[in-house]
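Enquirer:
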C-alpha cells in the first residue's frame, strides 16, 4: 500500500472512529477539544467561501467556528485535523480520484 493509500485509509478510519462507527478499543486516537479553524484555512490561503465549498462545510458554520461562537463536534474536528495535515489528499478523495 502506497503512502497516499495509507493516508486515505487513515483519514477514513479517523472519521469512522470519531463518528462512533468503529470500535474505539481497537485504536488509540486523540481528537483535541479545540481546533484552530481559521488558522487551518489561512494556512491554505483560502477565503471562507472557498474553504467551505472545497471541503463541504456550510459557510455559516465555518464562520461560527472561526468566531468561536460554536465549536466543531468530534467528527468535524477529526476531519479538520486531516485537512490541516493532508489538504491535497482530501481534495483528491473528494474529487473522486
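Numbering (the UniProt record's numbering), first residue to last: 1 to 97. Using N, Cα and C, we set each Cβ at its ideal position, and we do this for glycine too.
Can you give, in chain order, each stretch of the beta strand (DSSP E) that sits fully within the UniProt domain "HTH cro/C1-type" (37 to 72) and has at least 3 residues?
Expert: If we require 3 residues or more, the UniProt domain "HTH cro/C1-type" (37 to 72) turns out to have no beta strand (DSSP E) run fully inside it.
Enquirer: Specify, as a first and last residue, the run of the alpha helix (DSSP H) that residue 76 falls within.
Expert: Element bounds for residue 76: 74 to 85.
Enquirer: For residue 34, which three-state DSSP category applies?
Expert: Here residue 34 sits in coil by DSSP.
Enquirer: With the cut-off set at 8 Å, would you say residue 95 and residue 31 are in Cβ contact?
Expert: The answer is no: Cβ separation not under 8 Å.
Enquirer: Are the stretch 39 to 59 and the stretch 11 to 23 in contact at 8 Å, needing three or more beta carbon pairs?
Expert: No, they do not touch.
Enquirer: Does the separation of the CB atoms of residue 72 and residue 59 fall below 8 Å?
Expert: Not closer than 8 Å, so no.
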